[in-house]
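Everything on this sheet refers to the single structure shown next.
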Amino acid sequence: MGPPLPRSFYARDPRIVAPELLNKLIVVADGRAGRIVEVEAYCGSEDPAAHTYRGKTARNATMFGEAGHLYVYFSYGIHWCANTVCGEVGQGFGVLLRAIEPVQRLEAIQEARGLPRRAVDLGNGPGKLAQALGITGELNGADLVTVDRGVWVADDGIPPPAKPATTPRVGISKGREHPWRWHVLGNPYVSRAPRLPPANLTP
DNA sequence: GGTAAGATCAGC
DNA sequence: CTGATCTTACCA
């Protein structure tokens with residue numbers, strides 16, 4: 042399946058790392074795995090949409106640590122979301138994993154998601170992705186490079202798309218001007234199709 | 001100390 | 001469109 046990505050892969054600007062994470066595999070301890078088809082970059086103190094914009098808190102501390110660890114946070118009181126920490130220690134940079142195409146242990150993923158689901162609905166969103174792979178707060182801080190808790194990101198030889206689709210990020214109100222969401226163009230497992238520019242209705 | 005908003009999702 | 005209901009920021 043290929044080795045875990047090295048620390049140096051993550052220790053860069055998340056706007057570089059994010060598109061390169063497309064088509065990599067995220068693998069968890071019990072063998073469930075998915076191909077990453079959608080990501081977003083978050084850029085610390087320079088990014089008002091980032092959890093780390095206003096400095097370190099109990100929740101976001103992992104994101105200020107060493108690159109290559111997993112930052113898992115609890116969202117809207119219901120869902121878990123997973124990020125890879127990027128950049129230098131103290132920057133609070135990371136990449137949110139927003140969608141996967143399930144590729145290994147489909148039955149376990151289906152069971153984790155519950156109810157009959159269309160294949161595309163198994164991992165097409167950050168909360169769904171975490172639920173599909175069983176990622177919860179227990180995995181916050183896991184090292185994707187040393188694989189200390191069984192979670193890692195593998196390169197199985199499929200390269201990132203030469204021209205990934207680039208759009209504004211989903212679900213934020215500040216920082217909308219930055220096109221820091223990337224996805225595999227045309228892949229049916231992404232959470233949202235590219236948003237068309239607003240129609241010009243003025244005469 | 002209270003309140004509102006949020007990197008979401010499922011079910012009306 | 002709404003509810004679920006955790007974390008944080010911000011105001012009093």
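Per our numbering, the first sequence starts with residue 42, numbered consecutively. No residue lacks a Cβ here, since even glycine has one placed at the ideal position from N, Cα and C.
Below 8 Å, too few C-beta pairs join the region 83-100 and the region 153-167 to call them touching: fewer than three.
Within the DSSP secondary-structure output, Ser-116 pairs in a beta bridge with His-120. As computed with DSSP, Trp-221 is found in no beta bridge at all.
Contact annotation: Pro-55 and Gly-178 have beta-carbon atoms that are not nearer than 9 Å. For the options Val-69, Trp-121, Leu-111, Phe-115, the alpha carbon positioned closest to that of Val-144 is the one of Val-69. For Gly-72, the closest alpha carbon among the candidates Pro-44, Gly-191, Asp-196 is that of Gly-191. Around the beta-carbon of Ile-176, 16 or more other beta-carbon atoms lie within 10 Å, marking it buried. Leu-163 and Gly-182 have their alpha carbons spaced roughly 24 Å apart. Its Cα nearest to that of Val-130, the residue Ser-49 stands out among His-219, Pro-220, Gly-227, Ser-49. Judged by DSSP secondary structure, Glu-152 falls within the alpha helix (DSSP H) whose first and last residues are 147-154. The continuous beta strand (DSSP E) containing Ile-67 extends over residues 66-68. Secondary structure in the region 130-189: the beta strand (DSSP E) runs of 3 residues or longer, each lying completely within the stretch, are 134-145 in chain order. Within 10 angstroms of the beta-carbon of Glu-148 lie fewer than 16 other beta-carbons, which makes it exposed.
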